[in-house]
Amino acid sequence: MGIRRLNHAVLYVRDVGRSVAFYRDVLGFQVVHERPTAAFLRAADSDNDHDLGLFGVRGNAPRAGGTAVGLYHLAWSVNTLPELAGFAERLERAGALVGSSDHAVSKSLYGKDPDGLEFEISWFVPRDRVTPEMTASPTIGRLDIRAEIERWGADLVGAP
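Okay, so the sequence shown: first residue is 445 according to the working numbering, each after it adds one.
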């Protein structure tokens, strides 16, 4: 018995409409159901009923960002490195890209939504191409997506 994958996440946000626009326009989520105080969205390539729930907070809830106990970040994966590069461009244009990392077995972007909630978008090296050297040390390096596309190719689908 084991957990297979994240089915969905639910976030408390200040402004449901603003957050829907961000996740739809920047990350490509599709709105499944929306009302003034809540929305449910599906990732573009997902077969889930919904992947993300957004619930509006009442009053002056504190901003996210590591100052209180709670969610640090969500992580989603993409199929190819060019898709990851496309998200890097979209996040940069939206002013939402806060970092990137090369974890050897995965290549990751980090972004923040309008409420400061952090998320990660990753591409994973296919399991049959992971070498012992890649898993030997937990070194985190600088991500160069163009170099990774040259190394792995534009069409290689990453691990699920």
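Even glycine gets a Cβ: it sits at the ideal position worked out from N, Cα and C.
Extent of the continuous beta strand (DSSP E) to which residue i belongs
i: Phe531; result: Where Phe531 is concerned, there is no enclosing beta strand (DSSP E), although the alpha helix (DSSP H) it sits in stretches over 525-537.
i: Val476; result: 474-479
i: Leu485; result: 482-486
Element boundaries [alpha helix (DSSP H), containing residue i]
i: Arg586; result: First-last for Arg586: undefined, no H or E at that position.
Where residue i sits in the DSSP three-state scheme
i: Thr511; result: Unreliable placement is indicated for Thr511, whose pLDDT of 46 sits below 50; no coordinate value is reported for it.
i: Asp546; result: strand
i: Gly461; result: helix
Residues bridged to residue i [DSSP beta-bridge criterion]
i: Tyr456; result: Phe499
i: Ala519; result: Glu564
i: Ser552; result: Ser545, Ser566
Residue nearest to residue i in terms of C-alpha spacing, selected from the options
i: Tyr456; options: Ser566, Phe473, Phe484; result: Phe484
i: Asp489; options: Asn523, Phe466, Arg462, Glu536; result: Asn523
Environment of residue i [buried if 16+ CB atoms lie within 10 Å]
i: Gly539; result: exposed
i: Ser581; result: exposed
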